[in-house]
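Engineer: End of the sequence shown = 1560 in my numbering, gap-free, step of one.
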Amino acid sequence: MDKVIKKNLIDSYQVNGGFIVYDCNMLKKIFNVYGIDPKTSIDRRIFDLEGITHFFQQGVTALFKKLEINKYDYVLSLGEGSGAPSRLLAKIVGCRIVGVDINPDQIIKAEECAILHGVQDKVEYYEQNVEELNLTKKDFTKAFCNETTCHWQEKESAFKRINRHLKKGAKIGFNEWLKGEKGTLNEAYKMINEFIPLYKKDIWFQEDLKTYEMLLGKTGFRVLETEDCTDKIDIKMRTRLKGIQLEGDPYVDVMGSKAKEIGINYYKVMLKTHYDFLRYGVIIAEKETDIPKKP
Ligand SMILES: C[S@@+](CC[C@H](N)C(=O)[O-])C[C@H]1O[C@@H](n2cnc3c(N)ncnc32)[C@H](O)[C@@H]1O
């Protein structure tokens, strides 16, 4: 990955960015206001605040169900962010999970939040670029990517490396931002001024479902299912925007009105990109053949 793109990517997911990536201390205060104990609860407001995802807890749980993850599975989460998907999975299923992210700040948040949720024995995190993925463990039985491959420049190389970390027959699932009718969000950058402060430049490598099918086929996977769910995402985001506008979220009391403003702005701008620059897809595949390392 190009150095500038890597820096832009890391700078895009920060506490003080165009949207807030909450750290452990902020979350602790918010859950206090909610009256929720993250160690015992899977109240969807926890995930919907912690996760950096447009499909919210419902969409991520649906992906876990499609992958039929059980407590004996050893799960690899690529582009895990600040760890919300693995914490949820550890609580609802009880399996072991390894999360990988390129952003060292995200890894720190993930490690701190694992303790907040009491799941530190179930999760492990590594700072790595998935395009160069190289973990000691190579016996994962399931894998998932929640809204991250849209940033992967070298998808074929990443998929090959993921293949080498999975057991044969292992299922892999994607909830993913796809290319829109007019291109990727790099094009939105040139056409929608309000999009510019949300993310840094040139970090989008979205593809369409056909390209995912082709790339997965080339890297030892058999695609079992694909779905375009852009309409579902659009409705979910509109509902979320209404929720924040109506001040239904007590997190405003903790984070202040600035946080509310940032939240409203984020959803409003992202909704403008839907269909033209952002579609949404779900893909389920399984590892069919080993991809050997080149001699
Ligand atoms: C939209 S966030 C999603 C985070 C998480 N999956 C979730 O649902 O909360 C995308 C994440 O992918 C990570 N990422 C992007 N490209 C990556 C790469 N090449 N290797 C590892 N992580 C990457 C980013 O650092 C970011 O944390």
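Glycine residues also receive a C-beta, built at the ideal position from the N, C-alpha and C atoms.
Tell me the rounded alpha-carbon separation between LEU1341 and GLN1471.
Structural biologist: The residue you call residue 1341 lines up with position 76 of the sequence shown. The residue you call residue 1471 lines up with position 206 of the sequence shown. Distance between the alpha carbons of LEU1341 and GLN1471 is about 22 Å.
Engineer: Go ahead and label ARG1503 buried or exposed: buried means 16 or more other beta carbons lie within 10 angstroms of its beta carbon, across all protein chains shown.
Structural biologist: The residue labelled residue 1503 in the question sits at position 238 within the sequence shown. The residue is exposed, with fewer than 16 neighbouring Cβ atoms inside 10 Å.
Engineer: Look at the alpha carbon of TRP1442 and the alpha carbon of ARG1352, and state the distance between them as a whole number of angstroms.
Structural biologist: Taking the sequence shown and counting its residues from 1, one reaches residue 1442 at position 177. Taking the sequence shown and counting its residues from 1, one reaches residue 1352 at position 87. If you take the alpha carbons of TRP1442 and ARG1352, they lie about 22 Å apart.
Engineer: I need the boundaries of the beta strand (DSSP E) containing SER1277, first residue and last residue.
Structural biologist: Looking up residue 1277 in the sequence shown gives position 12. Run containing SER1277: none in the beta strand (DSSP E); it sits in the alpha helix (DSSP H), 1268-1277.
Engineer: Would you kindly check if the distance between the Cβ of TYR1540 and the Cβ of THR1484 is under 9 Å?
Structural biologist: Locating residue 1484 in the sequence shown gives position 219, counting from the first residue. Locating residue 1540 in the sequence shown gives position 275, counting from the first residue. Going by C-beta atoms, THR1484 is not nearer than 9 Å to TYR1540.
Engineer: For TRP1417, collect the residues of the same chain with a Cβ closer than 7 Å to its Cβ; drop the 5 residues on either side in sequence, then sort them by chain order.
Structural biologist: Along the sequence shown, read from residue 1 onward, the residue named residue 1417 stands at position 152. Excluding positions up to five away in sequence, the list reads VAL1395, GLU1396, ALA1423, PHE1470.
Engineer: Please tell me whether PHE1405 and VAL1363 are closer than 9 Å, where the distance is taken between their beta carbons.
Structural biologist: Taking the sequence shown and counting its residues from 1, one reaches residue 1405 at position 140. Taking the sequence shown and counting its residues from 1, one reaches residue 1363 at position 98. Yes, the pair counts as a contact, with Cβ atoms nearer than the cut-off.
Engineer: I'd like to confirm the pairing. Which residues does DSSP put opposite HIS1539 in its beta bridges?
Structural biologist: Numbered from its first residue, the sequence shown carries residue 1539 at position 274. According to DSSP, which records beta bridges pairwise, HIS1539 is partnered with LEU1543.
Engineer: Does the Cβ of GLU1421 lie closer than 8 Å to at least one heavy atom of ligand 1?
Structural biologist: Within the sequence shown, numbered from 1, the residue matching residue 1421 stands at position 156. No, ligand 1 has no heavy atom inside 8 Å of this Cβ.
Engineer: Which term fits TYR1337, buried or exposed, when burial requires 16 or more other beta carbons within 10 angstroms of its beta carbon?
Structural biologist: Position 72 of the sequence shown, counted from the first residue, corresponds to residue 1337. Its Cβ having fewer than 16 others within 10 Å, TYR1337 is exposed.
Engineer: On the three-state DSSP scale, how would you describe LEU1511?
Structural biologist: Counted from its first residue, the sequence shown places residue 1511 at position 246. If DSSP states are grouped into helix, strand and coil, LEU1511 belongs with coil.
Engineer: Enumerate, from N- to C-terminal direction, the unbroken alpha helix (DSSP H) stretches of 4 or more residues contained entirely within the stretch 1373-1460.
Structural biologist: Qualifying alpha helix (DSSP H) stretches, in chain order: 1420-1430, 1450-1456.
Engineer: Is GLU1490 near ligand 1, with its Cβ less than 8 Å from a heavy atom?
Structural biologist: Along the sequence shown, one-based indexing puts residue 1490 at 225. Checking the Cβ of GLU1490 against ligand 1 gives no.
Engineer: Compute the Euclidean distance between the alpha carbons of LYS1328 and LYS1304, then round it to the nearest angstrom.
Structural biologist: Mapped onto the sequence shown, residue 1328 falls at position 63. Mapped onto the sequence shown, residue 1304 falls at position 39. Note that residue 1328 corresponds to Leu in the displayed sequence, not to Lys. In a straight line, the C-alpha of LEU1328 is about 22 Å away from that of LYS1304.
Engineer: Considering just the uninterrupted stretch of the alpha helix (DSSP H) at PHE1284, what are its terminal residues?
Structural biologist: Numbered from 1 along the sequence shown, position 19 holds the residue referred to as residue 1284. Unbroken run through PHE1284: none, as it is neither H nor E.
Engineer: Could you have a look at ILE1367 and say whether DSSP puts it in helix, strand or coil?
Structural biologist: One-based indexing of the sequence shown puts residue 1367 at position 102. ILE1367 falls in the coil class under three-state DSSP.
Engineer: What's the call for THR1554, buried or exposed, on a 16-neighbour Cβ count within 10 Å?
Structural biologist: On the sequence shown, position 289 is the one that residue 1554 refers to. THR1554 comes out exposed.
Engineer: Per DSSP, which one or two residues make a beta bridge with VAL1340?
Structural biologist: As a first step, residue 1340 must be located in the sequence shown, where it is residue number 75. Beta-bridge pairing links VAL1340 to ILE1362, LYS1407.
Engineer: Can you give the Cα-Cα distance for GLY1282 and SER1347, rounded to whole angstroms?
Structural biologist: The sequence position of residue 1282 within the sequence shown is 17, counting from 1. The sequence position of residue 1347 within the sequence shown is 82, counting from 1. Distance between the alpha carbons of GLY1282 and SER1347: 14 Å.
Engineer: Quick check: what's the CA-CA separation for LYS1268 versus ILE1275?
Structural biologist: If you number the sequence shown from 1, residue 1268 lands on position 3. If you number the sequence shown from 1, residue 1275 lands on position 10. Using only the alpha carbons, I get a separation of about 11 Å.
Engineer: Mind checking whether PHE1460 and LYS1525 have CB atoms under 9 Å apart?
Structural biologist: As a working mapping, residue 1460 is identified with position 195 in the sequence shown. As a working mapping, residue 1525 is identified with position 260 in the sequence shown. Against a cut-off of 9 Å, the Cβ pair of LYS1525 and PHE1460 comes out as no contact.
Engineer: Give the DSSP-derived three-state secondary structure of LEU1489 in the structure shown.
Structural biologist: Translated into the one-based positions of the sequence shown, residue 1489 becomes position 224. Residue state, collapsed to three classes: strand.
Engineer: Return the chain-ordered list of same chain residues with a C-beta closer than 7 Å to the C-beta of LYS1466, the five sequence neighbours on each side being excluded.
Structural biologist: Taking the sequence shown and counting its residues from 1, the one referred to as residue 1466 is at position 201. Counting only Cβ-Cβ distances below 7 Å, and skipping sequence neighbours, we find ASN1273, TYR1454.
Engineer: Taking all protein chains shown into account, do 16 or more other C-beta atoms lie within 10 angstroms of the C-beta of LYS1436, making it buried, or fewer, making it exposed?
Structural biologist: Here residue 1436 refers to the residue found at position 171 when the sequence shown is read from its first residue. Burial call: buried.
Engineer: Please classify ILE1549: does DSSP put it in a helix, a strand, or coil?
Structural biologist: Within the sequence shown, residue 1549 is the residue found at index 284, counting from 1. Residue state, collapsed to three classes: strand.
Engineer: Quick check: LYS1501 and PHE1312, are their CB atoms within less than 9 Å of each other?
Structural biologist: The sequence position of residue 1501 within the sequence shown is 236, counting from 1. The sequence position of residue 1312 within the sequence shown is 47, counting from 1. Not closer than 9 Å, so no.
Engineer: Report yes if the C-beta of CYS1494 is less than 8 Å from at least one heavy atom of ligand 2; otherwise report no.
Structural biologist: Ligand 2 is absent from the structure shown, which contains only ligand 1.
Engineer: May I ask which residues mark the beginning and end of the alpha helix (DSSP H) holding ASP1308?
Structural biologist: Along the sequence shown, one-based indexing puts residue 1308 at 43. First-last for ASP1308: undefined, no H or E at that position.
Engineer: Just to confirm my understanding: we take GLU1551, look at its own chain, exclude 5 residues before and 5 after, and list those with CB closer than 8 Å. What are they?
Structural biologist: For this step, residue 1551 is matched to residue 286 along the sequence shown. Only GLY1434, ALA1435, LYS1436, ILE1437, PHE1486, ARG1487, LEU1489 meet the Cβ criterion.
Engineer: Once you ignore the five residues that flank LYS1432 on each side, which residues in its own chain have a CB closer than 8 Å to its CB?
Structural biologist: Locating residue 1432 in the sequence shown gives position 167, counting from the first residue. Answer for LYS1432: ASP1404, PHE1405, THR1406, LYS1552, listed in chain order.
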